[in-house]
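Have a look at the structure below, then the notes.
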Amino acid sequence: MLKKILLASVASATLLTGSLSHAAADTPFHNASYDIARELFGEINPLFVEHWKQQSGKEVKIIQSFAGTSRQAQDIIQGKKVDVVTFNQVTDVDILAKRGLLREDWAEQFPNNASPYYSTTAFLVREGNPKNIKSWDDLIRDDVKLVFPNPKTSGNARYSYLGAWLFANEKFNGDEEKVKAFVGKLLKNVENFPTGGRGATVAFAQNGQGDVLLTFESEVINIAKGDEFKSANLEIVVPEVSVLAEFPVAIVDKVADERGTREQAKAFLDFQYSKDIQQLLTRYNYRVHHPEVVEATKAQFAPVRLINPTEVLGSWDEITAKHFDNGGILDQLLATGR
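Numbered according to mature numbering (1 follows the signal peptide of the UniProt record, and there is no 0), the sequence shown spans residues -23 to -1, 1 to 315.
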């Protein structure tokens, strides 16, 4: 049923044409997003179509694509015409800026570092939490098996890796050798290392692999409370300390200016900061910034102290080079620990 509703919603956003103005009719508007955002933008897009019509008197056609954001970024670099990106990794927006496709100060063009919403890494455990999982420390025990995607291929998993690293960095007062040993033990406990988030979810929730699934808090809640894996009776654990995972948005300036879609593109991203859409985002269990929505949804989210990776580990360029590039710390730990 959800699939039918989603398809209908996407169709209403992407196929609506009506009596278009010449500019809007001739120039489709393309949003490229991350793989697990299908249901979310299945709701946002038709709402924006109506909003744009009310504000401008015109109708707008939205083309929507979903994939891992690293894949999306590479496709855009190779010539895919995209007007805006709504990603789950800052680094995948940065690479577009480095290629001259959007302005280098893209993160300053919208509030909150151009991140309308955010999440963190949380844990999904089996019914009754039989391994008594409470914190990152529990994930390195010999009797605990983990499931999460490979950080080499998954942005989601990179945040899981960074969450473990930042926790250990505080625990050991910045002693990098001890931090490496901690994260190495965690990686050694990974029972299944699929390439993407969906594969990790299926392995854990459907196939019964592992004791703990690490993923975005929003996904943890959606999986535990949704219908697809309801019979598994999974439970949510949010550690007291975790990583800040921002979901960045940006106008792909080169494409938007070439195609004359800048006005629609900016309005679409501004729309995500509106109270109505911030409320919608919380229904998908994302944390948001709108003060009234934050106050109204306090009880929805567990208290957690979030650490911004760039405030501890340097810029995203530095983090990527040190940890995730070929031969970086992640590769070293995978080679010795698994």
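Where is the CB? At the ideal position from N, CA and C, for every residue including glycine.
- The beta carbon of Val156 sits closer than 7 Å to the beta carbons of Trp142, Ala145, Asn146, Phe149 from its chain, once the five residues preceding and following it are set aside; these are given in chain order.
- Scanning the segment 230 to 304 from its first residue to its last, the whole alpha helix (DSSP H) runs of 4-plus residues come out as 230 to 236, 239 to 248, 252 to 260, 268 to 273, 286 to 290, 293 to 296.
- If you check the CB distance, Ala182 and Ile198 do not come in under 9 Å.
- With fewer than 16 other Cβ atoms inside 10 Å of its own Cβ, Asp152 counts as exposed.
- A check of alpha carbon separations from Val62 across Ile228, Gly203, Val232 identifies Ile228 as the nearest.
- In the pairwise beta carbon analysis, the segment 230 to 242 is classified as touching the segment 64 to 80: at least three pairs are separated by under 8 Å.
- Residue environment for Ala276: exposed (fewer than 16 other C-beta atoms within 10 angstroms of its C-beta).
- DSSP places Thr63 inside the beta strand (DSSP E), whose first and last residues are 61 to 63.
- Ser292 counts as exposed, since fewer than 16 other beta carbons sit within 10 angstroms of its beta carbon.
- In the three-state reduction of the DSSP assignment, Ala9 falls in the strand class.
- Each residue's CA atom was taken as its position, placing Trp29 and Phe43 some 22 Å apart.
- The C-beta separation of Leu307 from His300 comes to about 5 Å, placing the pair in contact by the 8 Å criterion.
- Counting only runs of 4 or more residues that sit fully inside the segment 97 to 171, the alpha helix (DSSP H) segments are 132 to 148, 153 to 165, in chain order.
- Taken atom to atom, the span from the alpha-carbon of Asp12 to that of Leu24 is near 20 Å.
- Thr97 and Ser219 do touch by the CB rule: their CB atoms are close to 4 Å apart, below 8 Å.
- By the Cβ test, the segment 164 to 178 is in contact with the segment 120 to 138, since at least three Cβ pairs between them sit closer than 8 Å.
- Secondary structure at Ser33: helix, using DSSP grouped into helix, strand and coil.
- Rounded to the nearest angstrom, the Cβ distance from Phe87 to Ile39 is 19 Å, too far for a contact under 8 Å.
- Nearest to Asn89 by alpha-carbon distance, out of Leu164, Leu101, Ala14, His267, is His267.
- Take Ile213, set aside five residues on each side of it, and the residues of its chain with a beta-carbon closer than 7 Å to its own are Ala99, Leu101, Val197, Ile198, Ala201, in chain order.
- Assigned with DSSP and collapsed to three states, Thr192 falls in strand.
- Look at Glu16 here: in three-state DSSP terms it is helix.
- Per DSSP, reduced to three states, the secondary structure at Glu212 is strand.
- Nearest Cα to Leu221 within the set Glu194, Gln32, Asp302, Glu36: Glu194.
- According to DSSP, Gln41 shares a beta bridge with Asn8.
- Nearest neighbour of Leu139 by Cα position, chosen from Thr46, Thr178, Val289, Thr313, turns out to be Val289.
- In chain order, Phe248, Gln249, Ile254, Leu257 place their CB closer than 8 Å to the CB of Ile21, counting only its own chain and leaving out the 5 sequence neighbours on each side.
- Thr68 places its beta carbon 9 Å or farther from that of Thr259.
- One alpha carbon belongs to Thr274, the other to Gly304, and they sit about 43 Å apart.
- For Ile228, DSSP records a beta bridge to Val61.
- When the five nearest sequence neighbours on each side are left out, the beta carbons in the same chain lying within less than 6 Å of the beta carbon of Gln66 are those of Thr46, Gly132, in order along the chain.
- Rounded to whole angstroms, Leu246 and Pro107 show a C-alpha spacing of 43 Å.
- Closest in alpha carbon position to Leu191, among Pro126, Gly19, Pro286, is Pro126.
- Of the residues assessed, Glu223 falls on the buried side of the cut-off, its CB having 16 or more other CB atoms within 10 angstroms.
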